[in-house]
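First up is the structure itself, then whatever we jot down about it.
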Amino acid sequence: MTTLEKLSNWNIKGYQQDLLKWYDENKRDLPWRRERDPYKIWVSEIMLQQTKVDTVIPYYNRFMKFFPTVQALAEAEEETVLKAWEGLGYYSRARNLHKAVKEVQENYGGQVPAEKEEVHKLSGVGPYTAGAILSIAFNIPAPAVDGNVMRVLSRIFSIYDDISKATTRKRFESIVDEIISKENPSHFNQALMELGALICTPKSPACLICPVQEHCAARAEGVQELLPVKAKKSPPKKKQMKAIVLKDDAGRILIQQRPETGMLAKLWQFPNIEAEEVVEDYADLKKHLLFMGLQVDIFEKVHEVRHVFTHLIWEIDVYIGELKGMAREADLELASLRLVEKGDVDLYPFPVSHQKINDFVLKKGDF
DNA sequence: TAATCGTGGTG
DNA sequence: TCACCAAGATT
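Heads up: the first sequence begins at 1 in the working numbering, then just goes up one per residue.
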């Protein structure tokens, strides 16, 4: 039976009512639900991408103190924005948001556009986020299909499409187009996601207390634990790294900015290399530094840091050492290096892996 | 289409 | 310890 056939004898109105009533009575009190400022909805939606509500809340509150309006964020320095995002991950979200907010300030007089084509053009705003902004902020009946929605609807209609495939989202968007409440699309979309977060969870869904259990095909068939179908991802690969905390004769610390593209773009770090083989030696590290124009004394290995990303694992041996002589300004510039006071290291946005190094060597240690 | 892009929580 | 997961977008 096709989804269309399932929908023909499926109680849309009853489903909407049961879902919306449950949402009204059970929705969480979240900071971004207390207002309907499109800018604030937008920021919350970007932060919530692949990130749990509990993780986002403190970041969201702090971000709104720093950048309460489109204008405030548009006028901020990118590095300040990255610092506010530090630890939240997926840093291209911060750079894209900042870029897009500048566009809104320039091209739309600071008002977030309420048309699908315009919103979707903004950097970092894809199909889900465009739908979320339109529906939640402007109460426009547009689908906002995220992982929650695909999981819930996979079960409601007993759909076995692989939700890790890009094309699957489109099928669910067309379903939402048919079943969305035209009276309250904002609450309907949020209710679908809230149900996925609180009741229709990935493992052990709480079908017994589900407000829409009588509308659910997977529940009727007893296959709720088998849905949704999702392809497995390959395990992350390990990379051996060596990093060094270097001090010059004035006691300043050497840090380095990462490239503009790729992983952790534009964040700062301690100078490091990827070691092809595991060698208990720092000759390769020393050679790398010399290549950047730096003569150093490496003292000892003081720490190990392990950090797991989605698709790779860094295993970092951490060394300490000292710069010999005066580094040439041009050499530092060329390698995106900077000498900063020990107390100023915290002013720069670091990935968590290098925050760990900072914590151990400079804060806990006596280096 | 499939890989890339972070981090923290959970069972 | 580890596999899996979370209000995805970009290339």
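By construction, the Cβ of each residue, glycine as well, lies at the ideal position given by its N, Cα and C atoms.
Exercise. Pull up the distance between the alpha-carbon of P259 and that of K266, whole angstroms please.
Key: 6 Å
Self-check item: L339 - DSSP class collapsed to helix/strand/coil
Solution: strand
Quiz item: Can you name the residues that DSSP bridges to V318?
Solution: A243 and H303
Quiz item: Rounded to a whole number of angstroms, what is the C-alpha to C-alpha distance between D317 and H288?
Solution: 15 Å
Practice problem: Determine the direct distance from the alpha carbon of M64 to that of L88, and round the result to whole angstroms. | Solution: 15 Å
Exercise. Go to L30, then tell me how far its alpha helix (DSSP H) extends in each direction, as first and last residue.
Key: It is not in any alpha helix (DSSP H) - L30 carries neither H nor E in the DSSP assignment.
Quiz prompt | Beta carbon of Y60 nearer than 8 Å to that of W32 | solution = yes
Quiz item: Per DSSP, what kind of secondary structure is N96 in: helix, strand or coil?
Solution: DSSP places N96 in helix when its eight states are reduced to three.
Quiz prompt | the stretch 202-220 / the stretch 156-163 touching (three or more Cβ pairs under 8 Å) | solution = The stretch 202-220 and the stretch 156-163 touch, with no fewer than 3 CB-CB distances between them shorter than 8 Å.
Quiz item: What's the C-alpha gap between H187 and A142?
Solution: 12 Å
Quiz item: When you compare only the Cα positions, how much space is there between G131 and S181?
Solution: So the alpha carbons of these two residues sit roughly 14 Å apart.
Quiz item: For L122, which residues of its own chain have a beta-carbon under 6 Å away from its beta-carbon, when the five flanking residues on both sides are left out?
Solution: A100
Exercise. Please name the residue in L30, R36 and P235 whose C-alpha comes closest to that of L48.
Key: Among L30, R36 and P235, the Cα nearest to that of L48 is on L30.
Quiz item: Nearest-angstrom Cα distance between S164 and N148?
Solution: Looking at the two C-alpha atoms, the distance is approximately 13 Å.
Quiz item: So E78 is in the beta strand (DSSP E); what residue range does that whole segment cover?
Solution: Unbroken run through E78 is the alpha helix (DSSP H), E78 to W85; no beta strand (DSSP E).
Practice problem: Mind the definition here: the stretch 232-247 touches the stretch 305-319 only if three or more C-beta pairs lie below 8 Å; say whether that holds. | Solution: Yes: the two stretches touch, three or more of their Cβ pairs being nearer than 8 Å.
Practice problem: Counting only the same chain and skipping the five closest in sequence on each side, list residues whose C-beta sits under 7 Å from that of E341. | Solution: R252
Quiz item: Given a threshold of 16 other Cβ atoms within 10 Å of its Cβ, counted over all protein chains shown, does Y23 qualify as buried or as exposed?
Solution: buried
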